[in-house]
Each structure stands twice: as C-alpha cells, then as structure tokens.
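Notes follow once the structure below has been shown.
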Amino acid sequence: MVFRCLGFTASLLVLAAGAVQATPGPVMEELFRSSRTLGNRVVAYPAGTPEMRIFRITIPSGAKIPLHTHPSPVVVLVEQGALTNVRIVDGVEETSVVKAGDGFLEGHPGEPHYVINRGDEPVVSLVTFASVEGMPNLIRVE
8 MVFRCLGFTA SLLVLAAGAV QATPGPVMEE LFRSSRTLGN RVVAYPAGTP EMRIFRITIP
68 SGAKIPLHTH PSPVVVLVEQ GALTNVRIVD GVEETSVVKA GDGFLEGHPG EPHYVINRGD
128 EPVVSLVTFA SVEGMPNLIR VE
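Quick look at the structure:
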C-alpha cells in the first residue's frame with residue numbers, strides 16, 4: 008500500500024511539473040529608447056543622489072503645460088490621445104505631434120518647450136524623470 012501511494016505521489020509531481028512548464032513566460036516589450044531630445048540634443052544626467060520618479064499626467068482637451076525646461080532626462084510615453092510638443096531649438100520653433108503608443112525624451116537646458124493637447128480627448132502620458140533628490144521636475148521659462 009505504501010508503494011502505491013508513493014507511485015501516485017510521484018505521478019502527481021510529474022503532472023504538476025508539466026503544468027508549470029506549460030505556463031507562458033513573461034513578455035518584455037521595449038516601448039521607447041532614445042539618447043536625444045526631439046530637438047536632437049543629447050541629455051545629461053545631473054550630479055547628486057539618483058532618484059527616479061514616475062507620473063501619470065492627464066492633460067484635458069485644450070490644456071497646456073507652459074514653456075519650461077527639465078534639469079534632468081525625462082521620458083514621456085503617450086498612452087492615450089495625441090500630445091503636441093512645441094520647442095525652441097536654436098531660436099526656431101519646432102513642433103511634433105506624439106500619438107498614443109509613441110514617446111519622446113526631454114532634458115536639455117538649451118531646449119525650452121511646452122506641450123499642449125490640441126485634440127478632442129484627454130491626453131494621458133506616463134512621464135519618468137531620471138532626477139536627483141531635491142531637484143525640481145521642471146523649470147518654468149518666462
């Protein structure tokens with residue numbers, strides 16, 4: 008009787024191991040990669056104690072984040088809607104429209120910019136700041 012129980016247990020272990028192996032593995036999908044801003048400038052990492060920050064930012068239709076710069080690299084991934092990025096590069100205004108599923112990199116002091124939602128629906132973005140402790144996320148430009 009003991010022998011039969013051990014055989015039954017061993018069979019269950021083999022079946023359980025097969026079930027675990029049949030489970031699909033993780034899926035890793037790169038969503039964005041860049042070393043340059045939309046204005047083609049390389050970002051620089053600030054000195055200090057590193058601190059990563061992630062925000063979900065919702066911009067209603069017609070709303071705008073005023074002219075500013077970022078003292079550290081910022082990755083923006085648009086989840087919903089279309090975001091208009093207007094930046095000043097060497098004194099010339101340049102515009103890009105970034106749609107859901109696309110992203111961009113900011114973080115050069117010589118490239119002030121603003122973002123605006125010119126669409127009919129809210130724009131939802133995931134924004135990651137590769138910053139340092141105590142540093143602001145943005146610096147307004149007057």
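Heads up, the sequence shown is in our numbering, so the first residue is 8 and it goes up one at a time.
The C-beta atom is built at its ideal place from N, Cα and C for all residues, glycine as well.
Distance check for Glu58 and Ala137, CA to CA, integer angstroms please. On the sequence shown, position 130 is the one that residue 137 refers to. On the sequence shown, position 51 is the one that residue 58 refers to. In a straight line, the C-alpha of Ala137 is about 6 Å away from that of Glu58.
Could you pull out every unbroken beta strand (DSSP E) segment of at least 3 residues lying fully inside the segment 37–101, listed in chain order? 57–66, 71–76, 81–87 and 89–96
Report the CB separation of Gly4 from Val85 in whole angstroms; it is logged as a contact under 8 Å. Not covered by the structure: residue 4. The range shown for the chain is 8 to 149.
Rounded distance between the beta-carbons of Val139 and Thr56, thought under 8 Å: Counted from its first residue, the sequence shown places residue 56 at position 49. Counted from its first residue, the sequence shown places residue 139 at position 132. So it is a contact: roughly 6 Å between Cβ atoms.
Okay, do the segment 26–42 and the segment 87–101 touch, 3+ Cβ pairs below 8 Å being the bar? no
Output needed for Pro67: all residues of its chain with C-beta closer than 6 Å, excluding positions within five of it in sequence on either side, in chain order. On the sequence shown, position 60 is the one that residue 67 refers to. If we look at Pro67 and ignore the five residues flanking it on each side, its Cβ neighbours are Pro129.
Taking the beta strand (DSSP E) that Val134 belongs to, which residues open and close that run? Translated into positions along the sequence shown, residue 134 becomes position 127. Looking at the DSSP string, the run of the beta strand (DSSP E) that includes Val134 is Val130 to Val139.
CA-to-CA distance, Met142 to Lys71, given in whole angstroms: The residue labelled residue 71 in the question sits at position 64 within the sequence shown. The residue labelled residue 142 in the question sits at position 135 within the sequence shown. Near 23 Å, if we compare the C-alpha coordinates of Met142 and Lys71.
Where Val81 falls, given that 16 or more other Cβ within 10 Å makes a residue buried: Against the sequence shown, residue 81 aligns to sequence position 74. Looking at its Cβ environment, which holds 16 or more other Cβ atoms inside 10 Å, Val81 is buried.
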